[in-house]
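In this text, residue positions in the sequence shown follow the numbering used here: the first is 1082, and each later residue adds one. Backbone N, C-alpha and C fix where the C-beta goes; we use that ideal spot for every residue, glycine too.
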Amino acid sequence: MTGGAARLVRSAWPPLLFGVLGLVLWELTVTLGRVAPFLLPAPSRIGVEFWDNRVTIWQVGLASGGNAGIGLLLGALAALGAAMLASRFGFLAEVSLPVAAALNALPIIALAPILNNMFSSTSSIPRRLVVAIVVFFPVFLNTLRGLAEVNPVHRELMASYAAGGWAFTRLVRLPRALPFVFTGLRQAASLSVIAAVVAEYFGGRQDGLGSRITSAASYTAYPRAWAFVLGACVLGLVFYLAALGLERLAMPWRARRPG
């Protein structure tokens, strides 16, 4: 077994073991404790519903994933641009931080209905805007922090080359900030799915995981509702792994570090 594979096994088995033990405990608690299914369905029952509805979960998962992906891309690009501007001009950092914090404080349950009323009921724009707003803050804050981490030696070297402000940002600040950028992106990847699913609770197109969760719960089909929740969890994990894979591609030297 290679060193990378050994590190992967060492890092993977503790959460897997913890997850399996948690599921076994959950199953025993529900089965032996005779917990009502509307309070907490057993994992085995949720698994059966997940398999029986796998085609539907796949279809609505694609709809939610599309909204989450587009919103994540828009929010991340806006955050990167705003962070680069704020790092270039100091007064913008002082102004933008409170604005970004205010955006982060906006509750989805208040934002989604307002945006749904602003657009057509068949439009996916409101959900994508909700996702973009939610993911903006972690990407912006982490990127701005990374752009501020500049070695004075590098600053003096670029000054000796008479490099302009944008050249300094592009050649020194941004490459050095990549670990911070991807930290924010990993956080935003999971948040994007949460925002997309929650935004679907408040009207609009009924083609996503959120609308199916509320529909199943309203008909007291709680195991099926939990199956759609499981689908949302899988979707969030896929987004997180995609962000992690993108980080490995952008910074392969971090994956090769001895651990």
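Please classify residue i as buried or exposed, where buried requires at least 16 other C-beta atoms within 10 Å of its C-beta.
| i | result |
| --- | --- |
| Thr1224 | buried |
| Ile1190 | exposed |
| Trp1094 | exposed |
| Val1176 | exposed |
| Thr1264 | buried |
| Ala1183 | exposed |
| Pro1339 | The predicted model places Pro1339 with a pLDDT of 44, which falls under 50 and marks its position as unreliable, so this point remains unresolved. |
| Leu1330 | exposed |
| Arg1135 | exposed |
| Gly1285 | buried |
| Tyr1242 | In this prediction, Tyr1242 scores a pLDDT of 49, lower than 50, which makes its location untrustworthy; the coordinate-derived value is nonetheless stated afterwards. Tyr1242 is exposed by the Cβ-count criterion. |
| Arg1115 | exposed |
| Phe1131 | buried |
| Glu1328 | buried |
| Leu1119 | Here residue 1119 turns out to be Phe, not Leu, going by the sequence shown. Exposed. |
| Phe1099 | exposed |
| Val1105 | exposed |
| Ser1168 | buried |
| Met1199 | exposed |
Run through DSSP, which three-state label would residue i get?
| i | result |
| --- | --- |
| Leu1120 | coil |
| Asn1134 | coil |
| Thr1110 | helix |
| Met1165 | helix |
| Arg1286 | coil |
| Leu1330 | helix |
| Tyr1321 | helix |
| Ala1302 | coil |
| Leu1187 | coil |
| Phe1170 | coil |
| Glu1175 | helix |
| Phe1309 | helix |
| Ser1205 | coil |
| Arg1115 | coil |
| Phe1200 | coil |
| Tyr1242 | Because the pLDDT at Tyr1242 is just 49, under 50, the model does not fix this residue reliably, and the point stays unresolved. |
Check the C-beta distance from residue i over to residue j and give it rounded, since I have them as a contact under 8 angstroms.
| i | j | result |
| --- | --- | --- |
| Leu1210 | Leu1196 | 6 angstroms |
| Ile1275 | Gly1317 | 7 angstroms |
| Ala1157 | Leu1259 | Incorrect: roughly 13 angstroms between the Cβ atoms, too far for contact. |
| Val1101 | Asn1148 | At roughly 32 angstroms, the Cβ-Cβ gap does not stay under 8 angstroms, so Val1101 and Asn1148 are not in contact. |
| Gly1142 | Ser1273 | Not confirmed; about 14 angstroms, so no contact. |
| Ser1271 | Phe1320 | 6 angstroms |
| Leu1222 | Ala1181 | 7 angstroms |
| Glu1281 | Ser1292 | 5 angstroms |
| Trp1107 | Pro1124 | 5 angstroms |
| Leu1121 | Val1129 | So it is not a contact: roughly 15 angstroms between Cβ atoms. |
| Ile1294 | Val1315 | That pair is no contact at about 14 angstroms. |
| Val1216 | Leu1161 | 11 angstroms between Cβ atoms; not a contact. |
Consider the Cβ of residue i: report whether some Cβ of chain B lies at a distance smaller than 9 angstroms.
| i | result |
| --- | --- |
| Ala1181 | Judged by its chain identifiers, the structure shown contains no chain B, having just a single protein chain. |
TODO: List in chain order: all unbroken alpha helix (DSSP H) runs of 4+ residues lying wholly within the stretch 1249-1281.
DONE: Within the stretch 1249-1281, the runs of alpha helix (DSSP H) at least 4 residues long that lie entirely inside it are, in chain order, 1255-1280.
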